[in-house]
Amino acid sequence: MKVTIVGAGNVGATCADAMAYRRIASEIVLVDIREGFAEGKALDIMQTQTTLGFNTKVVGSTNDYSKTAGSDVVVITSGIPRKPGMTREELIGINAGIVKSVAESLLQHSPNAIFVIVSNPMDTMTYLAFKSLGLPKNRVIGMGGALDSSRFKCYLSLALEKPANDIQGMVIGGHGDTTMIPLTRLASYNGVPVSQFLSQDKLDKVAADTMVGGATLTGLLGTSAWYAPGASVCYLVDSILNDQKKMIPCSVYLEGEYGQSDICIGVPCIIGKNGVEKIVDVDLNDAEKALFAKSADAVRAMNGDLKSILG
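Quick note on numbering: the sequence shown equals residues 0 to 310 in numbering that gives the first Met the number 0.
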């Protein structure tokens with residue numbers, strides 16, 4: 000199985016490293032616009048093969064998309080990262096043109112690929128890719144919900160003082176500091192609702208920390224995070240390539256699901272070899288439905304800035 004990752008920066012390179020180490024693809028192609036940068040990252044990863052015990056081939060390319068031909072999954076991380084104080088929304092004017100061009104180049108060489116969008120603002124970039132490429136909606140997936148849910152479970156783990164892998168929880172809605180919806184009501188610890196262990200005040204704090212999880216790291220690091228985003232992409236791609244049928248919140252195109260249409264936004268999906276194999280209808284309460292509708296309004300407003308690009 001072959002995976003292409005466009006953008007060999009922190010997120011893209013971490014993605015490639017995680018995929019190679021976990022042996023989920025036989026070949027990974029890293030593409031970047033900077034001369035020699037992707038080639039250097041690929042060679043560096045390849046030089047860990049004998050010490051880490053994997054045989055995945057990692058290839059670097061400076062803007063040569065012919066090397067990406069025949070990819071089963073393509074991941075787009077390219078674009079400028081968030082700077083401190085910058086919202087994901089402010090990135091739209093710069094990153095939209097980059098994502099559209101990259102997506103079209105990838106499709107030319109890999110017409111059957113499943114597209115995973117990471118570039119921010121992620122919901123809007125996923126919508127742009129879907130509208131530009133004309134692919135079935137199961138083949139265009141925004142990664143954000145996987146990352147937001149991993150952060151949610153991390154904060155729950157810290158609050159509970161229990162192992163993160165014993166905790167279930169998901170985040171739906173837009174991939175933004177004010178639009179994501181951590182579903183605290185449905186979160187559980189080994190099947191037991193976390194509300195039996197944490198007060199409402201603590202649950203509210205977990206939700207608030209999750210919503211600014213990306214901004215918190217941007218403030219600490221001076222740029223966007225990369226370990227958790229890279230691992231989240233790897234987790235999603237693994238479910239596609241190995242047909243694992245995992246339920247992962249992803250930004251996908253809706254046609255009436257959750258009361259929304261003509262929008263890409265985070266909802267729980269079954270992810271397998273065909274990409275999005277099913278959108279799972281979670282029974283939200285009235286408050287959660289209201290938050291989801293508000294989140295959709297915000298994402299749809301941001302999508303309005305794409306009119307000049309989509310025509």
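Cβ atoms here follow ideal geometry from the backbone N, Cα and C, with glycine treated the same way.
Only residues of its own chain outside the window of five on either side were considered, and among them none has a CB closer than 7 Å to the CB of Pro-110.
In this structure, the beta-carbon distance from Glu-34 to Thr-67 does not fall below 8 Å. Beyond the five residues adjoining it in sequence on each side, Thr-177 comes within less than 8 Å, by CB distance, of Met-210, Ala-297 in the same chain, given in chain order. The beta strand (DSSP E) runs of length 3 or more contained entirely in the segment 91-129 are, from start to end of the chain, 113-116. Partner residues in the beta bridge of Glu-254, as assigned by DSSP, are Ser-260. For Gly-168, there is no enclosing beta strand (DSSP E), as DSSP gives it neither H nor E.
In chain order, Val-5, Ile-75, Ser-77 place their CB closer than 7 Å to the CB of Val-101, counting only its own chain and leaving out the 5 sequence neighbours on each side. Per DSSP, Thr-3 is not a residue of any alpha helix (DSSP H); the beta strand (DSSP E) it occupies stretches across 1-5. Here DSSP, grouped into helix, strand and coil, assigns Glu-276 to strand.
Around the CB of Leu-220, fewer than 16 other CB atoms lie within 10 Å, so the residue is classed as exposed. About 5 Å separates the CB atoms of Ser-148 and Met-169; that is less than 8 Å, so the two are in contact.
In the DSSP assignment, the residues bridged to Ser-187 are Gln-167, Pro-192.
Residue nearest to Lys-56 within the set Arg-21, Ile-270, Lys-288 is Arg-21 (criterion: CA-CA distance). Out of Asn-94, Ile-79, Pro-135, the CA that lies nearest to the CA of Leu-106 is found in Pro-135. Counting every other CB atom within 10 Å of its CB across the protein chains shown gives Ser-250 a total of 16 or more, marking it as buried. In this structure Tyr-226 is exposed. Its beta-carbon is surrounded by fewer than 16 other beta-carbon atoms within 10 angstroms. Pairing Val-98 with Ala-128 gives a Cβ-Cβ distance under 8 Å.
Annotation: Glu-38 to Leu-29 spans about 8 Å, alpha carbon to alpha carbon. Taking a C-beta distance under 8 Å as the contact criterion, Asn-273 and Asn-137 qualify as a contact pair. Burial of Asp-31 is indicated by the presence of at least 16 other C-beta atoms within 10 angstroms of its C-beta. Note that the segment 8-28 touches the segment 40-47; at least 3 beta-carbon pairs, one per stretch, sit closer than 8 Å. Per DSSP, the beta bridge partners of Leu-29 are Ile-4, Gly-59.
With 16 or more neighbouring CB atoms inside 10 Å of its own CB, Arg-150 falls in the buried class.
The C-beta distance from Met-142 to Ser-231 rounds to 6 Å, short enough to fall under 8 Å. Sequence-distant partners of Asn-9 (beyond 5 residues in either direction) whose C-beta falls short of 6 Å from its own C-beta, in its chain, are Trp-225. In this structure Gly-59 is buried. Its beta-carbon is surrounded by 16 or more other beta-carbon atoms within 10 angstroms. Shown here for Val-205: same chain residues with a beta carbon closer than 6 Å to its own, the five before and five after excluded, namely Tyr-154, Leu-155, Ala-158 in chain order.
The criterion of a C-beta distance shorter than 8 Å is not satisfied by Val-279 and Cys-263.
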